[in-house]
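What follows is one structure encoded as structure tokens, with my remarks underneath.
Number of protein chains: 2
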Amino acid sequence: MSLRYAILVDLCRGEGTGYEIAKRFQEGVGFSWKASHPQIYSELKKMADMGWVEFEKIEQESKPAKKIYRLTDDGLNSLKLWMDTPAEIPPVRDMFIIKMTVGDLATPSKLLREVLERKKFTMEKMAIFQQIEETHYKNDNQDPKYKFPQLSLRAAIITFEAHLKWFDELIEYLETLVKSES
Amino acid sequence: MSLRYAILVDLCRGEGTGYEIAKRFQEGVGFSWKASHPQIYSELKKMADMGWVEFEKIEQESKPAKKIYRLTDDGLNSLKLWMDTPAEIPPVRDMFIIKMTVGDLATPSKLLREVLERKKFTMEKMAIFQQIEETHYKNDNQDPKYKFPQLSLRAAIITFEAHLKWFDELIEYLETLVKSES
DNA sequence: TGCAGCATGTAAATAGTTACATGATTAT
DNA sequence: ATAATCATGTAACTATTTACATGCTGCA
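Following this line, the structure appears as structure tokens:
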């Protein structure tokens, strides 16, 4: 049921089509959840049947009619109920960490390349989030209304920092291995 | 196919029954992957059929016969091939972070309680990993053989530290909310 | 007496991904 | 020309969880 509530949270900020919601749930756009479009369409349909969301159908020329979804009072109430119940602590599921436990089975240079790739990826992502933090929430904008979204953003930034710290420890060791290899 | 390789990595350290492997993959035991026992049994069966693992059947009185699995040469070779191909970067999928973006919809005291619960949980987990790091890898034990497992452990510790840092930011804000609430 | 641990497995359900399908428009 | 964007959806598959099933032993 997680995706269901993730969508409700997304719709809290305003109405949107399944397509738009799906875009936000694509790899990397939002930090904390990922979902493909068929999953989102089917979940929206279920919630429309339950009356948690409603949609306005807008016909378009040369495109399928778009459905603009918004929360209903029922949906908002269900969301509020969920908000007060603890969320499950998710398992990690990162094969890269598993791989490291037996890193001696890999080719050091390839492992190093993989870490450098991850580091690059993480730095790019982090830059985006830091940008948002600076333009939206820093300095003047200390409106308590934005405090929660900002704190949520902090989760991403802090996590990325941690990953980078770990990557640097890996790189340090792997570089010694690659040097002695040649 | 991730679970498959996670099991192979696990079997690298030595033989084991499905039951034992499943225990290690339970919530919280290993840091980086989670799996239930039916999933592990079925994956072991598939890999036995492919010849990546083999097992020795040991009859027992009053218990079902146990199967002690170990890697075959084929399994080890497949694992080595996998080691040299980059692992996918996993999505995060933590509803707690999502929840924070609309934290104003929750009851502050309940949200605070949830954060404190997570903090406690994380500190307990981290203590276990730090213990392992100190007893197994610190001081005298600078054997390069243990360098990779140690680095893998560092991923957990560094990640936990990051979570704790974030939790403290949340707690600081939520405490002001709870105070002004009463 | 009742629960945890050992040890296997099957069956059913839910969650999530990938491929297929359509079709016009705009940018490269 | 080709790919990306808009916008929906279905179908098939893979991954994962939960419930059911068995049965003995040792502990509180």
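Chains as they are written, first to last, in the numbering used here: chain Z, 1 to 182; chain X, 183 to 364. A virtual CB, placed ideally from N, CA and C, is assigned to each residue, including glycine. Keep in mind the model is a prediction, meaning the values are calculated, not measured.
- Shown in chain order are the members of the stretch 205–234 of chain X whose Cβ falls below 7 Å from a Cβ of chain Z: E209, F213, S214, W215, K216.
- In the structure shown, Z/P91 adopts coil according to DSSP, grouped into three states.
- With a cutoff of 8 Å on beta-carbon distance, Z/I97 and Z/E133 are scored as not near each other.
- If you check each beta-carbon in the stretch 84–108 of chain Z against every beta-carbon of chain X, the ones closer than 8 Å belong to D84, P86, A87, E88, I89, P90, P91, V92, R93, D94, M95, F96, I97, I98, K99, M100, T101, V102, G103, D104, L105, A106, T107.
- When CB distances to chain Z are screened at a threshold of 7 Å, the residues of the stretch 345–356 of chain X falling below it are K347, W348, E351, L352, Y355, in chain order.
- At a beta-carbon threshold of 9 Å, none of the residues of chain X lie near Z/K119; the nearest stands roughly 12 Å away.
- Pairwise C-beta distances place the stretch 264–276 of chain X out of contact with the stretch 220–236 of chain X, as fewer than three of them are shorter than 8 Å.
- When Cβ-Cβ separations below 8 Å define contact, X/I340 makes contact with chain Z.
- Three or more beta-carbon pairs separated by less than 8 Å link the stretch 102–118 of chain Z to the stretch 165–180 of chain Z, which places the two stretches in contact.
- Using a C-beta cut-off of 8 Å, the stretch 20–29 of chain Z makes no contact with the stretch 48–60 of chain Z, since fewer than three inter-stretch Cβ pairs fall below that distance.
- The beta-carbon distance between X/R252 and X/E197, rounded to whole angstroms, is 4 Å. This is short enough to meet the 8 Å contact definition.
- Around X/E241, the same chain offers A247 as residues with beta carbons nearer than 8 Å, after the five sequence neighbours per side are excluded.
- With 16 or more other Cβ atoms from the protein chains shown falling within 10 Å of its own Cβ, X/K249 counts as buried.
- Here DSSP, grouped into helix, strand and coil, assigns X/T199 to strand.
- For Z/K120, the three-state secondary structure derived from DSSP is helix.
- In this structure, X/G285 sits near Z/F148, with a CB-CB distance shorter than 8 Å.
- The three-state reading of DSSP puts X/K245 in strand, counting E and B together.
- As the crow flies, the alpha-carbon of Z/L105 is around 19 Å from that of Z/E169.
- Between Z/A155 and X/W264, the gap from beta carbon to beta carbon reaches 8 Å or more.
- Chain-order list of chain Z residues neighbouring X/F330: M100, T101, V102, G103, D104, by C-beta distance under 8 Å.
- Setting aside the 5 residues that flank it on each side, Z/G18 is surrounded in the same chain by I40, Y41, L44, each with a C-beta closer than 6 Å to its C-beta; the list follows chain order.
- For X/F213, no alpha helix (DSSP H) segment is defined, and its DSSP state is neither H nor E.
- The beta carbon of X/K239 is closer than 6 Å to those of A247, K249 in its chain, skipping five residues each way along the sequence.
- Per DSSP, the continuous alpha helix (DSSP H) segment holding Z/F167 begins and ends at 147–181.
- If you look at X/M265, you'll find it in the alpha helix (DSSP H) that goes 255–265.
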